[in-house]
Amino acid sequence: MRLQLGQPACLALAVSITFATRDPVSAADEPWRLSTDTLVYSDSDNVVVVSPQMAVRRALDDDGGNASARVVVDVVSAASVDVVSQATKRFSEVRTEADLGLAKSFGSWLPSVSYRYSHEPDYQSTGLGAGLQHRFAGSDATAAVSYDLSLDTVGYVGTAEGTFSEPLRSHAGNFSLTQVIGPKAVVRGVYTLSVQDGYLEKPYRFVPVFDQAGIAAAASDGVTINLSNFDRYRLPERITEEVPDTRIGHAFAVRGLRYVEAISGSIRADVQLFADSWGLTAETIEPGLTWSASQRIQMAIYLRSYVQQAARFWRREYVVDDPDTVPRWRTLDRDLSDYFAATLGGRLEWQRGILSGYVDVSGAVTAYSDYLFLNGRLALVGQAGVRLDL
Amino acid sequence: MRALQSFARCLLAAALLAGCATTKPWQREKLAQPSMKPDGDQEREALRSHMLGTREGAIGGFGHGGGGCGCN
Numbered sequence: 552m553r554l555q556l557g558q559p560a561c562l563a564l565a566v567s568i569t570f571a572t573r574d575p576v577s578a579a580d581e582p583w584r585l586s587t588d589t590l591v592y593s594d595s596d597n598v599v600v601v602s603p604q605m606a607v608r609r610a611l612d613d614d615g616g617n618a619s620a621r622v623v624v625d626v627v628s629a630a631s632v633d634v635v636s637q638a639t640k641r642f643s644e645v646r647t648e649a650d651l652g653l654a655k656s657f658g659s660w661l662p663s664v665s666y667r668y669s670h671e672p673d674y675q676s677t678g679l680g681a682g683l684q685h686r687f688a689g690s691d692a693t694a695a696v697s698y699d700l701s702l703d704t705v706g707y708v709g710t711a712e713g714t715f716s717e718p719l720r721s722h723a724g725n726f727s728l729t730q731v732i733g734p735k736a737v738v739r740g741v742y743t744l745s746v747q748d749g750y751l752e753k754p755y756r757f758v759p760v761f762d763q764a765g766i767a768a769a770a771s772d773g774v775t776i777n778l779s780n781f782d783r784y785r786l787p788e789r790i791t792e793e794v795p796d797t798r799i800g801h802a803f804a805v806r807g808l809r810y811v812e813a814i815s816g817s818i819r820a821d822v823q824l825f826a827d828s829w830g831l832t833a834e835t836i837e838p839g840l841t842w843s844a845s846q847r848i849q850m851a852i853y854l855r856s857y858v859q860q861a862a863r864f865w866r867r868e869y870v871v872d873d874p875d876t877v878p879r880w881r882t883l884d885r886d887l888s889d890y891f892a893a894t895l896g897g898r899l900e901w902q903r904g905i906l907s908g909y910v911d912v913s914g915a916v917t918a919y920s921d922y923l924f925l926n927g928r929l930a931l932v933g934q935a936g937v938r939l940d941l
Numbered sequence: 650m651r652a653l654q655s656f657a658r659c660l661l662a663a664a665l666l667a668g669c670a671t672t673k674p675w676q677r678e679k680l681a682q683p684s685m686k687p688d689g690d691q692e693r694e695a696l697r698s699h700m701l702g703t704r705e706g707a708i709g710g711f712g713h714g715g716g717g718c719g720c721n
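Residue numbers (this note's numbering), protein chains in the order written: chain R, 552 to 941; chain L, 650 to 721.
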């Protein structure tokens, strides 16, 4: 499939490759890493995504300096409830993303810059990032700050940009601290401030609105309003989704790693808390265990728990007293609802000389407690990759 | 919000720990193991993070930074 990179991406790619082929200053034996990965996602809500990825990384020094380029393509085929509830058949689309990164160490300082461009039929995004890392305390501690800006244009399939084109700006500021706790343990804490401003709705999403008569009719019929019958009880008007133009989020995350001599591996634990100005909160816990099965093979298992509390304007059914009025904020985005997701996965990593790779398989169960069209879904994710270190 | 404030205090405490103990170079063998890298395999994690960003409403932390995709 053809990659559609815009002019800015091509120019940045040329500049990055030029820089990367200067006389090498790294003392690393294998400064080049070529990578290829593929992720396949499939769920019971009739969504299938295949994402092949290729990347190249060139170490510039022994202190984290590197130049990198990555291209990933998402091939999406979906007939989810989000789609069929809008009387639309299965759709397919392709999203392409290119990322460039550059970091160079100057003593204990490591500044970095990045560029990202992505394109899909109804969405374009350009991202810029800058970061600075500093090692101190005898290299036992590393502090890092970074800022990422994403400039997005939301479009509508089959509609000219002059007819429908909405901007979205996303800012993300990160501060992290990584601390070595003795010879066998390390902990990292991260704080992210995210600010999104602009068009945060989905232009294809229409929110069904009900009145008291419709709710009463459903109760009288002895049914719970869901995907199969909501058309029968809703008000005839098709109301577009409307959410606040600004969303400010705070995320705190901590990752701990502890080496375990007995298994020649490690225990990892991630904990993350999130809260935003829409009233949405979420808690993530992910423990994992990695151990050596042999000199060349490592195995890992992990369990991820994600619990989310809905945005304050989320409703399973939007009920109005006056059919001529609509709720100020209304959404059908289940990612803003109450739900719980549990993921169990395993990974096998192998290495043989300059070649290494992995296979990762996981299954995820999601339970929606308050979503009109779906009670839950089961997802299977497979990911595999190969690395060549030259 | 109280939970977030507690987290912030923990992060600050971790920051204050910096410099309290110094690991000697010869003690870093285990820390250099691939399973002890906080970032993991960057290309693998980038793909996984992108997939999780389409399934979860939270932004930031060890996850997706928001924006950049119509799939969010």
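All residues carry an ideal CB built from backbone N, CA and C; glycine is no exception.
Being a predicted model, the structure only gives us computed values, none of them experimental.
{"Check": "May I have the straight-line CA-CA distance separating Phe-687 (chain R) from Ser-665 (chain R), to the nearest angstrom?", "Outcome": "24 Å"}
{"Check": "Can you confirm whether the stretch 809-817 of chain R touches the stretch 780-795 of chain R when touching is taken to mean that 3 or more C-beta pairs between the two stretches lie within less than 8 Å?", "Outcome": "no"}
{"Check": "Considering only DSSP beta bridges, list what Gly-710 (chain L) is partnered with.", "Outcome": "According to DSSP, Gly-710 (chain L) bridges with nothing at all."}
{"Check": "Using only the alpha-carbon positions, how far apart do Pro-603 (chain R) and Arg-867 (chain R) sit?", "Outcome": "36 Å"}
{"Check": "From Leu-590 (chain R) to Asp-625 (chain R), what does the alpha carbon distance come to, in whole angstroms?", "Outcome": "9 Å"}
{"Check": "Quick check: is the beta carbon of Ala-681 (chain L) nearer than 7 Å to any beta carbon in chain R?", "Outcome": "no"}
{"Check": "I need the boundaries of the alpha helix (DSSP H) containing Ser-698 (chain L), first residue and last residue.", "Outcome": "691-702"}
{"Check": "So with Cβ pairs under 7 Å, would you call Glu-705 (chain L) a contact of chain R?", "Outcome": "yes"}
{"Check": "Who are Asn-780 (chain R)'s beta bridge partners in DSSP?", "Outcome": "None, per the DSSP bridge assignment."}
{"Check": "Give a yes or no on whether the C-beta atoms belonging to Leu-854 (chain R) and Pro-878 (chain R) are separated by under 7 Å.", "Outcome": "no"}
{"Check": "Could you tell me which uninterrupted beta strand (DSSP E) segments, each at least 3 residues in length, are contained entirely in the stretch 703-759 of chain R, listed from first to last along the chain?", "Outcome": "717-731 and 736-749"}
{"Check": "Per DSSP, what kind of secondary structure is Val-696 (chain R) in: helix, strand or coil?", "Outcome": "strand"}
{"Check": "Using Cβ-Cβ distances below 8 Å, what residues of the stretch 723-747 of chain R are close to chain L?", "Outcome": "Ala-723, Asn-725, Leu-728, Thr-729, Gln-730, Val-731, Ile-732, Gly-733, Pro-734, Lys-735, Val-737, Val-738, Arg-739, Gly-740, Val-741, Tyr-742, Thr-743, Leu-744, Ser-745 and Gln-747"}
{"Check": "In chain R, which residues lie less than 9 Å from Ser-698 (chain L) when you measure between Cβ atoms?", "Outcome": "Within chain R, no residue comes near Ser-698 (chain L); the closest Cβ sits about 11 Å away, beyond 9 Å."}
{"Check": "Along chain L, in chain order, which residues have C-beta atoms closer than 9 Å to that of Ala-892 (chain R)?", "Outcome": "Arg-704 and Glu-705"}
{"Check": "Rounded to whole angstroms, what's the CA-CA distance from Val-576 (chain R) to Asp-613 (chain R)? Just pull it up for me.", "Outcome": "Reliability of the predicted coordinates at Val-576 (chain R) is poor, the pLDDT of 34 falling under 50, and no value is obtained from them."}
{"Check": "Beta-carbon separation of Glu-752 (chain R) and Val-805 (chain R) under 7 Å?", "Outcome": "no"}
{"Check": "Quick check on DSSP: helix, strand or coil for Gln-676 (chain L)?", "Outcome": "helix"}
{"Check": "Tell me Ile-836 (chain R)'s beta-bridge partners as DSSP assigns them.", "Outcome": "R:Val-822 and R:Ser-856"}
{"Check": "From Arg-928 (chain R) to Ser-595 (chain R), what distance separates their C-alpha atoms?", "Outcome": "5 Å"}
{"Check": "Give the straight-line distance between the Cα atoms of Asp-691 (chain R) and Val-811 (chain R), rounded to the nearest whole angstrom.", "Outcome": "20 Å"}
{"Check": "Can you tell me where the alpha helix (DSSP H) with Gly-765 (chain R) in it begins and where it stops?", "Outcome": "763-772"}
{"Check": "With a Cβ-Cβ cutoff of 7 Å, do Thr-841 (chain R) and Gly-710 (chain L) count as a contact?", "Outcome": "no"}
{"Check": "Pro-787 (chain R) by DSSP, collapsed to three states: which one?", "Outcome": "coil"}
{"Check": "Are Gln-515 (chain R) and Ser-721 (chain R) close, meaning C-beta to C-beta below 7 Å?", "Outcome": "Because chain R in this structure spans residues 552 to 941, residue 515 (chain R) falls outside the shown range and cannot be described."}
{"Check": "Pick helix, strand or coil for Ala-915 (chain R), following the three-state DSSP scheme.", "Outcome": "strand"}
{"Check": "Checking the sheet assignment: what are the DSSP bridge partners for Pro-603 (chain R)?", "Outcome": "R:Thr-589"}
{"Check": "Tell me whether Glu-900 (chain R) is buried or exposed, calling it buried when 16 or more other Cβ atoms sit within 10 Å of its Cβ.", "Outcome": "buried"}
{"Check": "Would you grab the beta carbon distance between Gly-712 (chain L) and Leu-696 (chain L) for me? Rounded to a whole angstrom, and I think it's under 8 Å.", "Outcome": "Between Leu-696 (chain L) and Gly-712 (chain L) the Cβ distance is about 13 Å, and since that is not below 8 Å, they are no contact."}
{"Check": "For Val-601 (chain R), which residues from the same chain have a beta carbon less than 6 Å from its beta carbon, with the 5 sequence-adjacent residues on both sides left out?", "Outcome": "Val-591 and Val-626"}
{"Check": "Taking 8 Å as the limit between beta carbons, can you name the residues of its chain near Val-871 (chain R), skipping five residues before and five after?", "Outcome": "Val-760, Phe-761, Asp-762, Leu-786, Val-877 and Pro-878"}
{"Check": "In its own chain, which residues sit with a C-beta less than 7 Å from the C-beta of Ser-698 (chain L), not counting the 5 before and 5 after it?", "Outcome": "Gly-712 and His-713"}
{"Check": "So Ala-804 (chain R) contacts chain L; which residues on that side make the cut at Cβ distance below 7 Å?", "Outcome": "Gly-710 and Phe-711"}
{"Check": "By alpha-carbon positions, which one of R:Leu-728, R:Pro-662, R:Ala-694 and R:Gly-652 ends up nearest to Gly-678 (chain R)?", "Outcome": "R:Gly-652"}
{"Check": "At which residue ranges does the stretch 855-930 of chain R contain complete beta strand (DSSP E) runs of 3 or more residues, listed in the order of the chain?", "Outcome": "869-871, 890-903 and 906-919"}
{"Check": "Arg-667 (chain R) versus chain L: which residues are under 9 Å apart at the beta carbon?", "Outcome": "Gly-717"}
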